[in-house]
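Residue numbering for the sequence shown follows my numbering, beginning at 88 and increasing consecutively.
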Amino acid sequence: MELSLSLDGNLATPLHRQIDNQIRDRILNGQLEPGQRIPASRTLAQSLQVSRATVTLSYDQLISEGYLETRPGAGTFVAAQLPETLLQVEASVPQATTNNFPLHLSSYGQRIAQASPWQTQPAAQYNFRYGHPSLELFPHRLWKKLINQEMAASNHWMDYITDPLGYEPLRVAIAQYLTRSRAVTCHPDQIAITHGTQQALQLVTQLFVNSGEAIALENPGYLGAQRIFRSRDALLQPIPVDSDGIIIEALAQLQSKPKLVYVTPSHQFPTGALLSLPRRLQLLDWAQQNNCLIIEDDYDGEYRYSSRPIPALQGLKANAPVLYIGTFAKVMFPGLHLGYVVVPTSLVQTFAQARWLSDRHCSLLDQAVLTRFITEGHLERHLRRMRLCYDQRRQTLVNALRTYLGTTVEILGDSAGLHLVARLHIDLSDDEIIHRAAQEGIYISSLQIHNLHPCQGDFILGYTEIDETQIETGIQRWAYAIQGK
Ligand SMILES: Cc1ncc(COP(=O)(O)O)c(C=O)c1O
């Protein structure tokens with residue numbers, strides 16, 4: 088048989104590689120079929136005007152890969168069973184299958200099956216989505232360079248990590264960073280690396296809360312945390328917040344004492360209140376007196392625009408009953424999916440067990456690259472830059488809201504974080520306000536989903552993924568749509 092291949096002596100790819108690549112491609116796309124005979128090496132060499140050794144090299148390669156086989160005295164053939172067939176269970180297009188066998192879910196499984204699915208936020212021309220940092224402004228090139236350097240340096244990142252709490256140098260870097268920037272008191276041995284806040288909350292709840300036990304939490308508060316607490320069948324005790332954060336008197340009036348109290352002191356989610364210093368001290372005293380562990384979720388505390396940051400609750404008093412949780416989702420990018428917990432020393436071993444049982448550990452390569460990002464000063468440089476950028480966007484948003492919505496809007500929680508709350512005094516339902524925004528190409532979300540009680544009129548506006556011109560126009564159009572101005 089004839090096999091016409093095209094070879095180019097000017098390419099960097101050697102001739103024998105060009106031959107075996109082309110034959111392999113033809114086998115894979117079905118032009119050469121299993122069992123089909125291919126030309127003898129001498130014949131192909133003559134027709135391609137290359138040495139026989141070149142063709143033999145290619146054939147040997149394809150034989151070793153399992154694409155060709157020789158039959159003594161008969162010649163060389165496309166293998167009857169291709170290697171691809173052996174690698175696949177079935178060479179068919181994957182299709183959704185339906186099963187009709189009964190699933191006997193655990194009570195945990197049943198609880199989470201009842202939860203409503205997570206909503207994806209649609210793309211919009213004027214995108215006031217919250218909780219996402221600006222991805223364009225992240226130093227992508229530098230990150231890629233660090234990945235490449237780390238991969239080239241050794242293969243250490245390919246193995247399991249022996250310590251489920253995480254990559255030792257990263258834990259050192261985080262402990263130093265938290266000490267200098269958040270006034271957290273900790274030793275690297277107390278740092279556990281997690282897949283973000285979500286996993287941290289999941290582990291903590293698993294370790295501390297039995298079915299029916301109480302957890303006090305800010306209301307409104309973070310839906311992601313509420314869902315975890317519910318999934319463990321905890322009794323949720325919503326505590327109101329005001330402009331100084333969680334109201335401690337309401338906490339003190341609880342009938343059944345909670346096992347945990349979950350708070351976001353640096354920037355209450357979603358109202359944006361900063362937990363005042365007197366309240367921080369009150370909360371610590373109350374927790375100590377009531378044997379309650381405080382879960383401090385410091386998800387975006389790095390972004391403060393006016394006053395100096397108040398030290399984290401965790402570092403405010405010696406031996407404070409606080410478990411501090413942080414995430415890199417907001418200061419880096421969410422897809423990195425890394426966070427950390429500062430674990431009280433007496434809990435370190437148990438936490439390590441739970442961490443291993445959950446999913447062993449986080450990707451070592453990601454942890455190693457992140458370590459360099461922190462220790463070489465890039466994280467704090469990036470943060471300084473982002474703080475300035477977000478501050479300008481925040482001010483533009485505040486001014487636009489005041490200009491176009493005047494006295495019909497109250498602005499809450501705008502001194503820190505990555506979003507603010509616009510409280511509207513307008514006689515329209517939240518759904519209608521969101522619908523009218525969507526018709527103008529604007530994405531805005533109601534605060535309702537984070538409130539355990541019915542509420543109306545509060546909207547969360549993120550300002551990190553939208554530039555100043557779009558902020559101005561977006562708010563002008565929104566105001567017009569809901570006020571008819
Ligand atoms: C209060 C709060 N904590 C934590 C997170 C993020 O957690 P993760 O690290 O799981 O992405 C968010 C996300 O918006 C949040 O609002």
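Where is the CB? At the ideal position from N, CA and C, for every residue including glycine.
Neighbour-count burial assignment, residue i, 16 or more Cβ in a 10 Å radius
i: Gly388; result: buried
i: Asn214; result: buried
i: Trp230; result: buried
i: Pro220; result: buried
i: Glu305; result: buried
i: Ile326; result: buried
i: Gly413; result: buried
i: Ala407; result: buried
i: Gly122; result: exposed
i: His537; result: buried
i: Leu444; result: exposed
i: Glu237; result: buried
i: Arg258; result: buried
i: Asp453; result: buried
i: Gly253; result: buried
i: Met245; result: exposed
i: Phe188; result: exposed
Beta carbon of residue i nearer than 8 Å to that of residue j
i: Leu507; j: Gly359; result: yes
i: Phe460; j: Leu222; result: no
i: Ala416; j: Gly283; result: yes
i: Val350; j: Ile333; result: yes
i: Tyr550; j: Leu470; result: no
i: Asp385; j: Arg481; result: no
i: Val142; j: Ser128; result: yes
i: Leu94; j: Leu102; result: yes
i: Pro170; j: Gly153; result: yes
i: Gln570; j: Thr495; result: yes
i: Ala566; j: Arg523; result: no
i: Ile397; j: Leu347; result: no
i: Ala441; j: Gln201; result: no
i: Ala503; j: Arg391; result: yes
i: Arg317; j: Leu310; result: no
i: Arg216; j: Gln208; result: yes
i: Ala140; j: Leu155; result: no
i: Pro357; j: Ile547; result: yes
Heavy atom of ligand 1 within 7 Å of residue i beta-carbon
i: Thr490; result: no
i: Gly283; result: yes
i: Phe420; result: no
i: Gly311; result: yes
i: Gly500; result: no
i: Tyr386; result: yes
i: Phe225; result: no
i: Gly600; result: Since the first residue shown for the chain is 88 and the last is 572, residue 600 is missing from the structure and cannot be characterised.
i: Thr495; result: no
i: Gly549; result: no
i: Phe356; result: yes
i: Gly426; result: yes
i: Gly218; result: yes
i: Thr207; result: no
i: Ala303; result: no
i: Thr414; result: yes
i: Thr351; result: yes
For residue i, the three-state DSSP class (helix, strand or coil)
i: Phe438; result: helix
i: Thr292; result: helix
i: Ser330; result: coil
i: Val429; result: strand
i: Val409; result: strand
i: Ile397; result: coil
i: Gly549; result: strand
i: Ala301; result: strand
i: Arg319; result: coil
i: Gln340; result: coil
i: Arg124; result: strand
i: Ser575; result: What is shown of the chain runs 88 to 572, which leaves residue 575 out entirely.
i: Asn116; result: coil
i: Ile529; result: strand
i: Gln324; result: strand
i: Asn306; result: strand
i: Thr414; result: strand
i: Gln543; result: coil
Entirely enclosed beta strand (DSSP E) segments - the region 128-171, minimum 3 residues: Runs of the beta strand (DSSP E) inside the region 128-171: 155-158, 162-165.
Please list the segments of the beta strand (DSSP E) lying wholly inside the region 450-522, counting only runs of 3 or more residues, in order along the chain. With a minimum length of 3 residues, the continuous beta strand (DSSP E) runs that stay inside the region 450-522 are 496-499, 506-511.
Any chance you could list the alpha helix (DSSP H) runs of at least 4 consecutive residues sitting entirely within the region 175-217, in chain order? Scanning the region 175-217 for uninterrupted alpha helix (DSSP H) segments of 4 residues or longer gives 194-201, listed from N- to C-terminal end.
Which ranges does the beta strand (DSSP E) cover as unbroken runs of at least 3 residues, wholly within the region 347-405, from first to last along the chain? Runs found: 347-350, 380-384.
List in chain order: all unbroken alpha helix (DSSP H) runs of 4+ residues lying wholly within the region 229-297. You should have 255-269, 283-295.
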